[in-house]
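Residue numbers (the working numbering): 5 to 95. Quick reminder that beta carbons are idealized off the backbone N, C-alpha and C, glycines included.
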Amino acid sequence: TKTNCNIGEKCYTGRGKAGDVLEVKLLGCVKAKECELVTNVELFSNTTIYMMTRHCCDTHFCNTGHTLPLNTLLSLSLTTITMILTFNRIQ
């Protein structure tokens, strides 16, 4: 979904944690003065509070999907190759 930030706001990717257990990622718009600050964010009605850092950017689609980590790409590649080899043996 495309979002246009208001004047004085920037796009951000927010990353946070509740304790050492649950990681959260948020995307959206935030006031420019709140960029790169660590803040407390309440996300759910059960008052779970997350320490969130909002990393801001100001180019088109700058906070869209990030690239996959190398180990994920390697796992996907090996799985694909294994499936192709297995399929070729069956035929």
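Going by the CB atoms, is the gap between residue j and residue i shorter than 8 angstroms?
{"i": "Asn67", "j": "Cys9", "result": "no"}
{"i": "Val34", "j": "Arg58", "result": "yes"}
{"i": "Val29", "j": "Met55", "result": "Looking at the sequence shown, residue 29 is not Val but Lys. No, Cβ-Cβ distance for Lys29 and Met55 is not below 8 angstroms."}
{"i": "Gly32", "j": "Thr63", "result": "no"}
For residue i, count the other beta carbons within 10 Å of its own beta carbon; 16 or more makes it buried, fewer makes it exposed. Which is it?
{"i": "Val42", "result": "exposed"}
{"i": "Met87", "result": "exposed"}
{"i": "Cys60", "result": "buried"}
I need the boundaries of the beta strand (DSSP E) containing residue i, first residue and last residue.
{"i": "Glu13", "result": "13-22"}
{"i": "Ile34", "result": "In the sequence as presented, Ile is not what sits at residue 34; that position holds Val. Element bounds for Val34: 26-35."}
{"i": "His44", "result": "The sequence shown places Asn at residue 44, not His. First-last of the beta strand (DSSP E) with Asn44: 42-46."}
{"i": "Cys66", "result": "First-last for Cys66: undefined, no H or E at that position."}
When the Cα of residue i is compared with those of the options, which residue comes out closest?
{"i": "Gly12", "options": "Lys37, Lys21, Ser81, Glu27", "result": "Lys37"}
{"i": "Thr17", "options": "Thr83, Ser81, Phe65", "result": "Phe65"}
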